Structure formats: C-alpha cells, structure tokens
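First the structure, in the form of structure tokens, and then the observations on it.
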Amino acid sequence: MRTRLLNRAAWSQTIYLCLETPPNERVVNGVDARPHSWPWQISLQVQHGSRFHHTCGGMLVAPRWVLTAGHCIWPGDVYRVVLGEHDMSLQEGTEQIRDILRIVVHPEWDIDHVANGNDLALLKLDKSPIMNDSVGVACLPQAGEILAHGTHCFISGWGNLYTHGPMPDILQQASLPVVEHSICSRSDWWGHIVKTTMVCAGGDVVSACNGDSGGPLNCLGQDGRWYIQGVTSFVSSAVCNEVQKPTVFTRTSAFTEWLNEANQNKYVQGICRRARKT
1 MRTRLLNRAA WSQTIYLCLE TPPNERVVNG VDARPHSWPW QISLQVQHGS
51 RFHHTCGGML VAPRWVLTAG HCIWPGDVYR VVLGEHDMSL QEGTEQIRDI
101 LRIVVHPEWD IDHVANGNDL ALLKLDKSPI MNDSVGVACL PQAGEILAHG
151 THCFISGWGN LYTHGPMPDI LQQASLPVVE HSICSRSDWW GHIVKTTMVC
201 AGGDVVSACN GDSGGPLNCL GQDGRWYIQG VTSFVSSAVC NEVQKPTVFT
251 RTSAFTEWLN EANQNKYVQG ICRRARKT
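By the UniProt record's numbering, the letter at position 94 of the sequence shown is numbered 94, and the numbering carries on one by one without gaps.
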C-alpha cells in the first residue's frame, strides 16, 4: 500500500458546530487517545480490491466537508471517509461511513514541486454525518493567526508507531511544541523548504509518521476551544522523529480565503461549543 506522509526524499523528486475537547496524551512516542476525544478526526480510506484501508487522516470542518492533505489524493483512487472511529480492529457502533462526492485539491498543489506548499484538499461527503459525542465539527483559526514559539499543541492519527513500524488500531495522540518559523527555517533545521504558509511542531522524540498525513495539529485557543492550526504534511525521510526536523504542517490560517471559497463559506459562520471533559 502506498504511504502518504511526505518526507525529505520527496523534495529531491519532485453556522456549524465545532467542539472543544480535553487533552489526554501513537503518532511516534505518543499514547492511546481517549475514545472520541478528537471528534472531528476522520480516517481517509482508499480502496484496494474489495476492501478499504486507512491511508490518511483528516478533519470534519463542516457537516459535509473534510479537510486533508493534497498529497493524500491520487487520481484514479477510490476513497471513503470514516467518522467516529477509534479502534480500527473493532466495530464499536460509533463509526459512520461516508462516500465522497467531490474532491477539491488546492490549485497550486503540485506533487512535483512540493516545496511550494499548498498541501491541502477538501472532500465533500455524500451526506452529513450525525453529530454526537463521537462526531463533531472542528474549529478553524482566524485568517493570518500565527502561533507563538513553544505553544503546546496535540497531533492525532493512526500513523506508524515508529519509523517503518506498524500502524496502530487505536487512535494515537501526543503533545508537540510549536517551533517558530525563524528557527524551523534555519539551515541546520529545515532551511528554505519551510515556507511562511507552514507551521512546524516537535523536532525531537515525538512526531507524525506515515499514515498521519492530513491529520490535525490541534491547538487550544484562549477561548478554551481547540483549533486546527495545521494539516500534517511532511517529516524527515531518515526517521519520523529526527532531531531538528520537526513535523511540518500546512498552516490553515494562511488559506482561509481558499477554504471559504472551496466549500462555499460553509464554516465561516460556525459557532464552537465546548465538549464534555474527562
């Protein structure tokens, strides 16, 4: 199966309800997430033969729209979205499966010139999921918002537990500190590859890995709500958790205008509500 998280090797080749949820703490060196503690997290699954397999993460950002990474989408592949998922080895009764009616990849995303960024795609679902404790709409940040260095955010996904390792059945999460652009773009970090439309987080023992692509960088706002500040894009090709090579995310606040246009302003009038606490 094709892995989706971009790595450093690729550079050489190439109105609605949003929720607050409490942090907990495999992503690499993460832990099992509390069931449905990130209710906007989805599993993007690709069809192989008669079965579907997890390939990327994503977030429900409006009742019929999912945000993921552009590099998760390949022409000709057939996808579906699973919401309310936690343990992929079980049928827990919370899962909701939706087909995809329309895929909108950012017009400036180019797999052959990935250093340009714009690693985003929106997926329109065939119908809205039922909103409940297991499924909810994510909050998106204000246009242009920049996170302070050291801000602790959470990454979540079903990506590899370690470099070239297995994928977990249970959704993983871990805390990642934001690395400001002036540091992340230094020559001994990511250098010129990292653009101002990206946000870096981590860079040590915890990171994203293959299978986490398209998933959220969840950051707590001053209003007590969680905001999707980034969409998981790439890591180092050497190891998923290389020192001074933090996980790089597409910064959602840099793409507010495109997101609004692409999904017909379906979430810009959203009202975030607070979810239950542990």
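We treat Cβ as the ideally placed atom computed from N, Cα and C, and that holds for glycine. Computed from a prediction, not measured in an experiment: that's the story for all the values here.
Buried versus exposed call for residue i [16 or more other C-beta atoms within 10 Å across all chains shown]
{"i": "Asn116", "result": "exposed"}
{"i": "Glu85", "result": "buried"}
{"i": "Ser207", "result": "Any reading at Ser207 must be qualified, since the residue scores a pLDDT of 47, below 50, and its modelled position is unreliable; the value itself is stated next. The residue is buried, with at least 16 neighbouring Cβ atoms inside 10 Å."}
{"i": "Ser37", "result": "buried"}
{"i": "Thr247", "result": "buried"}
{"i": "His192", "result": "exposed"}
6 Å Cβ shell around residue i - same chain, five flanking residues per side excluded
{"i": "Thr68", "result": "Leu44, Cys56, Gly58, Ala121, Gly214"}
{"i": "His54", "result": "Ser43, Gln45, Trp158"}
{"i": "Trp258", "result": "none"}
{"i": "Ile35", "result": "One detail in the question is off: residue 35 reads as Pro in this sequence, not Ile. Only His86 meet the Cβ criterion."}
{"i": "Gly70", "result": "Val105, His106, Trp109, Asp119, Leu120, Ala121"}
{"i": "residue 292", "result": "The chain is shown from 1 up to 278; residue 292 falls before or after that span and cannot be answered."}
Same chain, Cβ closer than 8 Å to residue i, five either side skipped, listed in chain order
{"i": "Asp188", "result": "Gln244"}
Per DSSP, the bridge partner or partners of residue i
{"i": "Pro216", "result": "Val231"}
{"i": "Lys124", "result": "Trp65, Arg102"}
{"i": "Gly58", "result": "Ile42"}
Cβ-based neighbour list, residue i, same chain, cut-off 7 Å, excluding 5 preceding and 5 following
{"i": "Ala262", "result": "Val104, Leu122"}
{"i": "Glu242", "result": "Ser236"}
Pick from the options that is closest to residue i, judged by C-alpha positions
{"i": "His152", "options": "Val82, Asp32, Asp212, Val199", "result": "Val199"}
{"i": "Ala201", "options": "Gln229, Ala33, Val179", "result": "Val179"}
{"i": "Thr232", "options": "Phe154, Asp169, Phe52", "result": "Phe154"}
{"i": "Glu108", "options": "Asn118, Ser185, Ile228", "result": "Asn118"}
{"i": "Trp74", "options": "Asp110, Gln172, Arg98, Leu60", "result": "Asp110"}
{"i": "Lys124", "options": "Asn132, Gly203, Pro63, Gln96", "result": "Pro63"}
{"i": "Ala148", "options": "Leu101, Trp40, Val78, Gln229", "result": "Gln229"}
{"i": "Gln41", "options": "Val194, Val137, Asp32", "result": "Val137"}
{"i": "Ile130", "options": "Arg102, Val82, Pro168, Cys139", "result": "Val82"}
| task | Check whether the stretch 133-147 touches the stretch 240-257, taking contact to mean three or more Cβ pairs, one atom from each stretch, closer than 8 Å. | result | Contact between the stretch 133-147 and the stretch 240-257 is present, because at least three Cβ pairs lie under 8 Å.
| task | Tell me, please, whether the stretch 107-116 touches the stretch 86-97 by the rule of three or more beta-carbon pairs shorter than 8 Å. | result | With the rule of 3 Cβ pairs closer than 8 Å, the stretch 107-116 does not count as touching the stretch 86-97.
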